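Student: Sharing a structure below in structure tokens format, with a few things to ask.
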Amino acid sequence: MLASVIVNSSKQWIGQPLVYEVPASLIGEIRLGTWVRVPIGNRETDGVVVGFPQESTVQNVKVIGEVLDPELLPSPVVELLLWMSEYYLCLPGETLPLFLPPILKRRQCFWSWLGGKGREGLDPALFINPLTFEVAAYLSRRGRVTQRSLKSRWPGKELDLALQELEARGFVVREWSWGSKASKKQASSPGLEEENLRDIEQQVINLTFEQRLALKYLEIGLKQGKGNFLLHGITGSGKTEVYLRAVAAALNLGKGVIVLVPEHSLIPQMAERLKEAFGHLVVILHGDLPTGERTGVWEKLRSGEAKIVVGTRSALFAPLPELGLIVIDEEHSPTYKHEANPRYDAREVALKRGQLQGAVVVLGSATPSTEAYFLASRGQLKLLVLKQRVAGGQLPKVEIIDMREEYLQGRSGYLSVRLQEEIRTTLKRGEQVLLFLNRRGYAPHVTCRCCGYVPTCTNCAVGLTYHVDGKLRCHYCGLEKGWRGSCPRCGGSLALLGAGTQRVEAEIRTIFPEARVLRADSDSLKSPRRWREIYNLFLARQANVLIGTQTIAKGMDFPGVSLVGVINADVSLFLPDFRARERTFQLLTQVAGRAGRRSREGKVLIQTFNPQEPAIVLAARQDYESFYHLEIASRRTLRYPPFVKLARLGLMGLYEGEVISAAFSLARILKEVGTSLEVLGPAPAAIPKVRGEYRWQLTLKAPGWQELKEALEAGLGRYCCPPGIKLIKEIGPVNLW
DNA sequence: AGCACGCCGACT
DNA sequence: GTCGGCGTGCTC
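Here full-length UniProt numbering is used: the first residue of the first sequence is 1, the next is one more, and so on.
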């Protein structure tokens, strides 16, 4: 019997699994996901079993030495690992780390005596092997002994045979557990507080009709162990209540739950809601947890001590052996795409994991991705709709402000007269204002008035942004440059153009000196603690104006806010990305949803130079369906997802000429192999140079994943990547490159 | 990690 | 001509 094993070579996992022989003594002990000790070269290391090939082309197949843990990973999780490696074109050894904690802790193997009291009842003649009697006598005295101690007492192969004989005849049983402390048998009750569950049950009365209907579908799915759903609920419609009730239903079936949120800052509020209901069954998992903590959480989930994990996309790989439900909140968020190998999409992986483990998958959003809504229209996701706002909250009044007119009237600031008026009256009423701007820093464009010189980053070939501390910064690599105010080329004066969060903050402080202003962007939020501080200050009304970027657009619930201003709705609209309009629509809809979440009527002002743009007009009307129909028509016409499957091949290197010629020769090969493959490019990447490396790209279109993969395999098989060039393979790219 | 192989520069 | 620097790649 053979096993393929992902082997650890020092700190790295070898990409391609290696084939070993399973010794007769370990057959039955080894399955998918077993952690084993194996020989490699002239030494030993550990590895994870990921398959059982029939044959091997390798001559000197070595033999697996020892089982370190029979079930490090649940089998379906190993299947998921292999599927991901194939789907995203990477090696299993690259995928494995996603599924493992930073420190692998070994469980101990124990042998427990079952066969009656003392050695009196034991007859040496009962056993074939003479050692067996001795071992039996020893075990019957001690009751429970680690394998390690038996090995030290009886070194050599004989012991294994003795234990095998005892196990086969039911005298002893093998157990795996942590440490040497006496077995703490508690696996019976999941530890769920009955009272809390009852609370949850009672809350069903307070659900709206739509929420109850959605829940009903989810419960049916949970009972059947299958079903994929798109929960389309406008902001404030109570998606979270539906999630909570579905979680309770999954727990009642003895199953675990994974809840994903798009970013860090959103974990606490989701976790708090879940902890209120399910207490210590809830754990948090994300990339920035300290190593030890991450390992602890991972163990709790694996052992069943914890059953609900809340986290960012990496929490999708939590080792839950019994999985009932996966929730992906704010499903449309681009953060669900991983930007390193393996370049997976958490939404796709969640659907696959659900299928492999018999779990229900719920994608939730107020503004679903075009792809998800399309799947729903095809019946591949069951659409659940929440159109009503709960607790009498009203949709805000949205007003679009045409900034072209402002400028025609000779105004030069970044706050329109109308927005200033509204800020003034809002502050007078003692209410709060949220200002949204997608750019940090002070001025994103710096240009010489005389010769047109633009200070750029030497590493990244992008323009530098001026910051209030008097420095020019690159927003890609963080490079800082001093500022002299004059052009280094002609000595002319440099103009500061465009507005970032700092500039808007300055403008607010000038116009409203009495306002208490807070700024929330990645400059002011260096640490998650700082974000928490700002959040709490604003919530406690210690400030009345909050200016921010992305982070404040998502999920934040400030009851005191009655005015939301979008400074420049156009920034994201004209990016060279087929999803630019969708992003703009989503962003504006989410931002608008921040106003008037409670009973107070809210107002939203959107400043734009494109007041007719459908993404803006329809966001203002909170009209998702109309936007979707426009968008899906455009995707069909232009042949973009979901009508085709995309891939991106990125080439990086220190010398531009080499990168370009590599890109062209790769393109030529792909054009030759492609029957159903459409090759776009080569073209320089959107950011053509990052951290000193030049980047070119090819975009590939195919009818589906299968065709894409076949063409890529054929093409890349014939392509020899020159030294000094890095090739990045990405299936289903989501972000600009 | 270890170990082989391999391709350049300094030596006998 | 050979010896040996350590960069790169392989380990079933």
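Backbone N, C-alpha and C define an ideal beta-carbon position, used for all residues, glycine too.
This structure is a prediction, so every number in the text was calculated from the model and none was measured.
(1) With S626 as the anchor, note down where its alpha helix (DSSP H) starts and where it stops.
(2) Using beta-carbon positions only, say whether R37 and E66 come within less than 9 Å of one another.
(3) Work out the CA separation of Q355 and L274 for me, nearest whole Å.
(4) Can you tell me whether DSSP reads P124 as helix, strand or coil?
(5) Following the continuous alpha helix (DSSP H) through R343, name the residue where it begins and the one where it ends.
(6) Grouping DSSP H, G and I as helix and E and B as strand, with all else coil, what is K307?
(7) Rounded to the nearest angstrom, what separates L479 and I687 at their Cα positions?
(8) Which residue from P155, S56 and L386 puts its Cα closest to that of S237?
(9) Three or more C-beta pairs closer than 8 Å, one from the segment 461-473 and one from the segment 444-452: is that the case here?
(10) Give me the Cα-Cα distance between A24 and I30, rounded to the nearest whole angstrom.
(11) Within 10 angstroms of its Cβ, does H338 collect 16 or more other Cβ (buried), or is it exposed?
(12) Can you tell me whether F171 is helix, strand or coil according to DSSP?
(13) If I follow the unbroken alpha helix (DSSP H) through V417, where does it start and stop?
(14) Are R594 and F558 closer than 9 Å when you measure CB to CB?
(15) Restricting to runs no shorter than 4 residues, where is the alpha helix (DSSP H) found entirely within the segment 432-469?
(16) Give me the Cα-Cα distance between G482 and G692, rounded to the nearest whole angstrom.
(17) Once the 5 residues before and after V77 are set aside, which same chain residues still bring their CB inside 7 Å of it?
(18) DSSP beta-bridge partners for Y243?
(19) With DSSP collapsed to three states, give me the class of V360.
(20) Among G170, P92 and D69, whose alpha-carbon lies nearest the alpha-carbon of L80?
(21) Using a 10 Å radius around the Cβ and a threshold of 16 neighbouring Cβ atoms, would you call R503 buried or exposed?
(22) Tell me the DSSP secondary structure of T235 in three-state form.
(23) Going by C-alpha to C-alpha distance, which of T132, T45, T57 and R43 sits closest to L2?
(24) From H475 to T456, what distance separates their C-alpha atoms?
(25) On the three-state DSSP scale, how would you describe K554?
(26) In this structure, does DSSP put A3 in helix, strand or coil?
(27) Could you spell out the range, first to last residue, of the beta strand (DSSP E) harbouring V327?
(28) By a C-beta neighbour count over all protein chains shown, 10 Å radius and 16 as the cutoff for buried, is L351 buried or exposed?
(29) Just checking, does the segment 252-270 make contact with the segment 406-417 on the three C-beta pairs under 8 Å criterion?
(30) Would you report the Cα separation of N735 and E399, rounded to the nearest angstrom?
(31) Within the present structure, is the beta-carbon of S522 separated from the nearest heavy atom of the ligand NAD by less than 8 Å?
(32) Looking at C-beta atoms only, is the number of pairs between the segment 614-621 and the segment 651-663 that lie closer than 8 Å three or more?
(33) Would you call the CB atoms of R519 and G548 closer than 9 Å?
(34) How is the alpha helix (DSSP H) around L207 delimited, first residue to last?
(35) Might you give, ordered along the chain, the residues of its own chain that have their beta carbon closer than 6 Å to the beta carbon of E730, omitting 5 neighbours on each side?
(36) In angstroms, rounded to a whole number, what distance separates the CA positions of L325 and H232?
Tutor: For this structure:
(1) Y624 to L638
(2) yes
(3) 25 Å
(4) helix
(5) Neither: R343 is in no alpha helix (DSSP H) and is coded neither H nor E.
(6) coil
(7) 15 Å
(8) L386
(9) yes
(10) 11 Å
(11) buried
(12) coil
(13) V417 to K428
(14) yes
(15) none
(16) 20 Å
(17) G33, F99 and P319
(18) Per DSSP, none; premise fails for Y243.
(19) strand
(20) P92
(21) buried
(22) coil
(23) T57
(24) 11 Å
(25) coil
(26) strand
(27) L323 to I328
(28) buried
(29) no
(30) 30 Å
(31) The model depicted lacks the ligand NAD and carries no ligand whatsoever.
(32) no
(33) yes
(34) First-last for L207: undefined, no H or E at that position.
(35) R343 and R648
(36) 17 Å
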